[in-house]
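In my numbering, the protein residues as written are 308 to 524.
Step one of this worksheet: look at the structure below.
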């Protein structure tokens, strides 16, 4: 990843966290992290779209950012307050532990507090946790090095290029399909909220001809 992308991200964090007043730390990360993913994707020729607070109804969980590549769901990003770290299984507090129990089944997930970044697939961390040289919320661009950009770029590229790999055994296939159906369900639920989407129009037709009393559930 071009180091300028990460420098701009760090400078934006410093600006946001230097503003007077109090605000939820995770919320201050949403826009900068979403923009970072978009630019990192564009850097490797991918069209990235993001949605915040995307609900996974079957998990009763709501990751902070859903990442779409070329219009299809790719994975999720969970944000933590700066200083919390990105080692998901070791995060302290009942909320974090319960949240990890739900999110660890996802096939493509990133945890970040803005400084640390970790990539997980089905609860297993992929490679090492990447930590920036400094604290971007206070140091801005001076928190960034070329090595940081290279290592984080590798994580983001692996995350954005994720593709399902189908097992050849029935038991493994069932385990494999479960998290994918969650991604599909999330996409459909989002589409049904848009009255002009193809999924919403199809649902309207089905209700008209087959299931007049059915709702979107």
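Think of the CB as a built atom: it goes at the ideal place given N, C-alpha and C, for glycine as much as any other residue.
The structure presented is a predicted model; accordingly, all values stated were derived computationally and were not measured.
- A check of alpha carbon separations from residue 346 across 314, 503, 418, 321 identifies 314 as the nearest.
- Under a 10 Å Cβ-count criterion, residue 402 is classified as exposed, with fewer than 16 other Cβ atoms of the shown protein chains found around its own Cβ.
- Between residue 421 and residue 320 the beta-carbon gap is near 6 Å, inside 8 Å, which marks them as a contact.
- Of 408, 427, 390, the smallest CA-CA separation from residue 441 is found for 390.
- Taken atom to atom, the span from the alpha-carbon of residue 407 to that of residue 367 is near 12 Å.
- Beta-bridge pairing by DSSP links residue 423 to 438.
- In the structure shown, residue 467 adopts helical secondary structure according to DSSP, grouped into three states.
- Nearest in C-alpha terms to residue 454, of all of 448, 467, 439, is 439.
- In the DSSP assignment, residue 343 falls outside any beta strand (DSSP E) and within the unbroken alpha helix (DSSP H) covering 332-350.
- Between residue 317 and residue 519, the C-beta spacing is not below 8 Å.
- Taken in chain order, the unbroken stretches of beta strand (DSSP E) that lie wholly in the stretch 360-396 and span 3 residues or more are 372-376, 379-386.
- Excluding residues up to 5 positions away in sequence, 369 lie with their Cβ nearer than 6 Å to the Cβ of residue 360 in the same chain.
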